[in-house]
Amino acid sequence: MKIKVKEIQHPTPNIHHPTPIIQLLPMLITNIKSLFGNREKSELLRGKALGEMPSLHNAFIEVKDGIIHDYGKMEDLNVEPQGEIFDAKGKSILPAFCDSHTHIVFAGSREDEFVHKIKGLSYAEIAAKGGGILNSAKRLADTSEDELFEQAMVRVNEVMQLGTGALEIKSGYGLSLEAELKMLRVIRRIKETVHIPVKSTFLGAHAFPEPYKENKEAYIKLIIDEMLPAIADEKLADYIDVFRETGFFDETLSEQVLNAGAKYGLKAKIHANQLNNSGGVQLGIKTNAISVDHLETLGKEEIKLLGENDIISTLLPSAAFFLRMGYPPARELIDAGAAIALATDYNPGSSPSGNIPLLISLACIQMKITPEEAFNAATLNGAFAMEVENEVGSISKGKRANLILTKDIPSLAYMPYAFGSQNIEKVMIKGEWI
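Under numbering that gives the first Met the number 0, think of the first position of the sequence shown as 0, with each following residue one higher.
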């Protein structure tokens, strides 16, 4: 059997390629112990389907041009390899994670507030003292676009090494025309740099900047009359988001912002029901939002509505963990028929982590969802929450070869069970091991 191998060795490692990458295309991955998440078609998963994880044992995957060309059982393999053969040696493969809620573009860190939390101050009390979102906004305003990009790329490369193969990134630490545009331009540069799907969300309605504390309508006018036209002119955003929360954006102001975004073709996502049961779920349904995210504080009515509507319930358990809050009622949502996704909420104040393997452990341990439900919520349903379900989220022919090769683990459940272990051997992005 003659094997032709095309190798491209990147030169000196840099911020865009933290380690040298060897491009091996096409590639045949053989002797896979378990191939998890193989699907003929992509459907948003709810109820019983969320707990079903299709798998093949003793399997192979064929990758061409960064795309999954074929897969199946080793006993059915009858192709003549044209490129590299990679022997998985009895290790397992999963689709890469799809993180549909992050704030990964930010300046600096906020560990001082972490100490304040330990000493007993609440999220709202820290925000009232000028901390929280306003703290990040001040730091971001003082950081150049290039430096902001370099900082963000360190985090993006880190989460890719941890298995993330699709990413949504929000603005919202700018809170001025210039700074919001700066954030969104950084997100665009990230899109152009990495080989994973990246979605951009405009979150100008994240908090009220200090000059507008007593004139909230004027800030809404700034968002609608200046920010949105400039963002649309440069095509900088895919979605629009709002922090619908007591003490932040009320129902009237939130709806104004979302409706204004819709006029520019920006679909809604909503920070909903994090601190209070404040109507974010109902607003999401009313505005045809793709997802409502957080959902730590839900009543029976909201759970019923989420089970009856197409909207995705994006749960962020690492934020609840970091803030010592109650966790979203995942079990009740699943039993009601809601479509849940899991995401990290990676941000400097309430969830400074993009570690999805740890997130899945938190979901299983604290929210009592099964490993199968958790992995499906963090892959295919996360892809649906970013509208990239035809590109990533499952092992399917024609999708990107964004894959996770595990270490030699006995089962899928072992990954969330052994929450302190690094169970990922390698990550493949668009057909390349990184």
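Each residue gets a CB set at the ideal place from its N, CA and C atoms; glycine is no exception.
As assigned by DSSP and simplified to three states, the class of T251: helix
S312 versus H293 - alpha carbon distance: Taken atom to atom, the span from the alpha-carbon of S312 to that of H293 is near 8 Å.
Opposing strand residues paired with L341 [DSSP bridges]: Beta-bridge analysis with DSSP links L341 to L314.
Through-space distance from G36 to P208, alpha-carbon basis: Here the C-alpha atom of P208 lies approximately 44 Å from the C-alpha atom of G36.
Span of the alpha helix (DSSP H) around S135: Taken as a continuous stretch (DSSP letters only), the alpha helix (DSSP H) holding S135 covers 132–140.
Span separating the alpha-carbon of F242 from that of D249: 9 Å
C-alpha distance - T378 paired with K299, whole-angstrom precision: 27 Å
Span of the alpha helix (DSSP H), counted from its first residue to its last, around T192: Judged by DSSP secondary structure, T192 falls within the alpha helix (DSSP H) whose first and last residues are 176–192.
Between the CA atoms of E331 and E372 - distance to the nearest angstrom: Whole-angstrom Cα-Cα distance: 13 Å.
For A384 and V197, the rounded distance between their alpha carbons: 12 Å
Beta-ladder partner(s) of M427, from DSSP: L402, W432
Segment limits, beta strand (DSSP E) that includes L436: In this structure the chain extends from 0 to 433, so residue 436 is not present and cannot be described.
Identified DSSP bridge partners for K266: Y238
Of the residues V280, G264, L265, Y263, the one placed nearest A271, counting alpha carbons only: V280
Contact under 9 Å by Cβ, L252 with K215: yes
Under the three-state DSSP convention, the category H115 falls into: helix
P210 burial status per 10 Å Cβ neighbour count (16 or more: buried): exposed
Cβ-Cβ distance between A206 and Q273 below 9 Å: Going by C-beta atoms, A206 is not nearer than 9 Å to Q273.
K162 to I222 span [Cα, whole Å]: The identity of residue 162 in the sequence shown is Gly, whereas the question assumes Lys. When rounded, the distance between both Cα atoms is 35 Å.
Proximity winner among S352, G430, G353, A376, relative to C363 (alpha-carbon distances): A376
Cβ-based neighbour list, G246, same chain, cut-off 6 Å, excluding 5 preceding and 5 following: none
For L315 and I219, the rounded distance between their alpha carbons: 27 Å
Any chain C beta carbon closer than 9 Å to H115: As a matter of chain content, chain C is missing from the structure shown, which is built from one protein chain.
CB of A462 within 9 Å of CB of I103, strictly: Coverage of the chain is limited to positions 0 through 433, which leaves residue 462 absent and any answer about it impossible.
Cβ-based burial, V153 [other Cβ within 10 Å; buried from 16]: exposed
Nearest candidate by alpha-carbon position, reference I333, set A123, G50, S33: G50
CB contact flag (L404, A87, <9 Å): Yes. Within cutoff.
Closest Cα partner of I230 within the set N258, S277, E254, K181: K181
Counterpart residues of E83 in DSSP-defined beta bridges: M26
Bounding residues of the beta strand (DSSP E) (the contiguous stretch that carries F201): F201 -> beta strand (DSSP E) spans 197–204.
For I310 and I284, believed in contact at Cβ under 8 Å, the rounded distance: 6 Å
Exposed unless 16 or more other CB atoms sit within 10 angstroms - verdict on I394: Buried.
Rounded separation between E149 and N30 - CA only: 39 Å
Nearest-angstrom beta carbon gap, P347 and R109 [assumed within contact, 8 Å]: 5 Å
Sheet register partners of P94 (DSSP bridge): L402
Beta-carbon proximity check, R138 vs F96, cutoff 9 Å: no
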